[in-house]
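**Student:**
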Amino acid sequence: MVAIEPEEKAEHPIELVLARLLRLGSLVAAALLAVGIALMVLGQTAFAPRLITVGLLVLLGTPVLRVIAAAVIFVKERDWHFALFSLVVLCAIAAGIYFGKGM
Amino acid sequence: MYVVITFITIFAIGIAAGVVGAILGLGGGIIIVPALTLGFGMPMRTAVAASTVCIIATSTGAAVAFLRDRLTNTRVAIWLEMGTSLGALTGALVAALVNQRVLFILFGLLLAYSAYNMFRTRKEHTRPDVVPDAISSKLRLGGSYYDKALGRRVEYQVTRTLPGLIIMYFSGAAAGLLGIGAGIFKVPAMDQVMGMPFKASSATSNFMIGVTAASGAVVYFARGDVKPLVAGPVVLGVLLGAILGARLMMRMPASKIRLFFMPILAYTAIEMIYKGVKWW
Numbered sequence: 141m142v143a144i145e146p147e148e149k150a151e152h153p154i155e156l157v158l159a160r161l162l163r164l165g166s167l168v169a170a171a172l173l174a175v176g177i178a179l180m181v182l183g184q185t186a187f188a189p190r191l192i193t194v195g196l197l198v199l200l201g202t203p204v205l206r207v208i209a210a211a212v213i214f215v216k217e218r219d220w221h222f223a224l225f226s227l228v229v230l231c232a233i234a235a236g237i238y239f240g241k242g243m
Numbered sequence: 034m035y036v037v038i039t040f041i042t043i044f045a046i047g048i049a050a051g052v053v054g055a056i057l058g059l060g061g062g063i064i065i066v067p068a069l070t071l072g073f074g075m076p077m078r079t080a081v082a083a084s085t086v087c088i089i090a091t092s093t094g095a096a097v098a099f100l101r102d103r104l105t106n107t108r109v110a111i112w113l114e115m116g117t118s119l120g121a122l123t124g125a126l127v128a129a130l131v132n133q134r135v136l137f138i139l140f141g142l143l144l145a146y147s148a149y150n151m152f153r154t155r156k157e158h159t160r161p162d163v164v165p166d167a168i169s170s171k172l173r174l175g176g177s178y179y180d181k182a183l184g185r186r187v188e189y190q191v192t193r194t195l196p197g198l199i200i201m202y203f204s205g206a207a208a209g210l211l212g213i214g215a216g217i218f219k220v221p222a223m224d225q226v227m228g229m230p231f232k233a234s235s236a237t238s239n240f241m242i243g244v245t246a247a248s249g250a251v252v253y254f255a256r257g258d259v260k261p262l263v264a265g266p267v268v269l270g271v272l273l274g275a276i277l278g279a280r281l282m283m284r285m286p287a288s289k290i291r292l293f294f295m296p297i298l299a300y301t302a303i304e305m306i307y308k309g310v311k312w313w
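Those protein sequence lines, which keep their order, are chains G and B. Residues in the first sequence are numbered consecutively from 141, following our numbering. Residues in the second sequence are numbered consecutively from 34, following our numbering.
#1: Distance, Cα to Cα, G/Val215 vs B/Tyr307?
#2: Measuring only the C-alpha atoms, how far is B/Val263 from B/Lys171?
#3: Taking Cβ to Cβ, would you say B/Ala55 is nearer than 8 Å to B/Ala95?
#4: Check each candidate in G/Ala235, G/Thr193, G/Asp219 and G/Arg206 and name the one with the smallest Cα separation from G/Ala171.
#5: So, helix, strand or coil for G/Glu217, using DSSP?
#6: Mind checking the stretch 216 to 229 of chain G against chain C and listing, in chain order, the residues whose C-beta falls within less than 8 Å of any C-beta there?
#7: Say whether chain B places a C-beta atom closer than 8 Å to the C-beta of G/Ala170.
#8: Where does B/Asn132 land, buried or exposed, given buried means 16+ other C-beta within 10 angstroms?
#9: Buried or exposed, going by whether 16 or more other CB atoms sit within 10 Å of the CB of B/Glu114?
#10: Check whether the stretch 36 to 52 of chain B touches the stretch 241 to 248 of chain B, counting contact only when three or more Cβ pairs, one atom from each stretch, lie closer than 8 Å.
#11: Have a look at B/Arg78, B/Thr79 and B/Ala148 and flag the residue whose alpha-carbon is nearest the alpha-carbon of B/Lys219.
#12: Do we get a CB-CB distance below 8 Å when we pair G/Glu147 with the residues of chain B?
#13: Given G/Lys149, which residues of its chain have a CB within under 6 Å of its CB, disregarding the five upstream and five downstream residues?
#14: If we count the other Cβ atoms within 10 Å of its Cβ and call it buried at 16 or more, is G/Phe222 buried or exposed?
#15: Going along chain B, which residues have a C-beta under 7 Å from G/Val207?
#16: By DSSP's criteria, B/Gly209 is part of a beta bridge. Which residues make up the other side?
#17: Checking 8 Å against the spacing of the C-beta atoms, do B/Gly205 and B/Leu59 come in under that value?
#18: Does the Cβ of G/Glu145 have 16 or more other Cβ atoms within 10 Å, making it buried, or fewer, making it exposed?
#19: Taking the beta strand (DSSP E) that B/Arg185 falls in, what are its first and last residues?
#20: Does DSSP classify G/Lys149 as helix, strand or coil?
#21: Would a check of beta-carbon distances place G/Phe239 closer than 8 Å to chain B?
#22: Compute the distance between the beta-carbons of G/Val175 and G/Leu162, then report whether it is under 8 Å.
#23: Cutting at 8 Å between CB atoms, please list the residues of its own chain near G/Ser166, excluding the five before and the five after it.
#24: Output, in chain order, the set of chain B residues within a Cβ distance shorter than 8 Å of G/Pro203.
#25: Just to confirm my understanding: we take B/Asp166, look at its own chain, exclude 5 residues before and 5 after, and list those with CB closer than 7 Å. What are they?
#26: So, at 7 Å on beta carbons, what are the nonlocal neighbours of B/Ile217 in its own chain, with the 5 sequence-adjacent residues on each side left out?
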């Protein structure tokens, strides 16, 4: 693991929270993908593609969750500017999903 | 047996794309799309859909290491994500209306200019003092990180915050239109325009492209373009490659990374202009 300057840990907790979230998302996605591919190779052609799709969807959801987590942290810290910026990003993603479905 | 070999090959391509993408702050789509279309004869839609999910994988995989090492500037990222996400939305909405030839040529010229700028400043290890503008001071956008290649802490300021946001809007629009993460526009915008160090720019771009790509990926999923048997192995490879690439990048000198980045910029610029001119 990479060494972190200890004096900064308390100063910017947001990086560590987001890092933990992204690591969890990528680990869950990687595990689902790996099991799915292994089952595919073993001939489970009906079930395996579905498992892989779930893995891909977990991966897709991770950056969106990351923006939500950042928004929550900024609201807790009463950093209203950045809370608002996160909200703008979330609205744009939501609008993308809404319009995307109709395309 | 044939399935296994195909899986392993796609997986290996994914690892290579993940390493390159993480080091340069790009999604790796530049490698994946040609490999899947030219190498495996897959349809463009399948390749672009798989590539978009790979961009998320690169971003997520590499961001963990960059965040822990504080290379990512999260405040700058969220400020600029307003531009990229609104741009991506616009891009997706107007994709059908805009003349693609003109876009290709415009982007090509923009990229060529970035490549030239990077070539011009290739030997600058320390840049002249960056004076933060009013927004940057108010939002405390400046930062610092420990550079393992230099063996010391690098403190930096951020300037031209508004021009940066406007460029991000257009980079987001390019991403929405072309189904890419558009890291190739984000890195020069931070590095050249906003005065951020290259490594911080690359790590922050990497962090941001996941969100840009997520909005595009939703559309591809909804259309059923994401084929699990193609996207599964390549995405798994990209995830592992990105984690590896992030570790590598932190130990590489910034000047070397720039040297690596320039030919990619130049190549993409030529290809985009060529595409635009060819369809004239």
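Ideal placement from N, C-alpha and C gives every residue a C-beta, glycine not left out.
**Tutor:** The answer reads as follows:
#1: 48 Å
#2: 46 Å
#3: yes
#4: G/Thr193
#5: coil
#6: Protein chains G and B are contained in the structure displayed, whereas chain C is not.
#7: yes
#8: exposed
#9: buried
#10: no
#11: B/Ala148
#12: Residue placement at G/Glu147 is flagged as unreliable, the pLDDT there being 45, under the threshold of 50; the coordinate-derived value follows with that caveat. Chain B, which has no Cβ nearer than 8 Å to the Cβ of G/Glu147, makes this no.
#13: Residue confidence is low: G/Lys149 scores 44 on pLDDT, short of 50, so the model does not pin down where it sits. No coordinate-derived value is stated.
#14: buried
#15: Val244
#16: In DSSP, B/Gly209 forms no bridge with anything.
#17: no
#18: Its pLDDT being 47, under 50, G/Glu145 is placed unreliably by the model, and the measurement read from it follows with that caveat. Under this definition G/Glu145 is an exposed residue.
#19: Arg185 to Tyr189
#20: Only weak support is given to the placement of G/Lys149: the predicted model assigns it a pLDDT of 44, under 50, and the question is left unresolved by the model.
#21: yes
#22: no
#23: Leu199 and Thr202
#24: Ile89, Ser92, Thr93, Gly243, Val244, Ala246 and Ala247
#25: Thr192, Arg193 and Thr194
#26: Leu59, Leu144, Leu298 and Thr301
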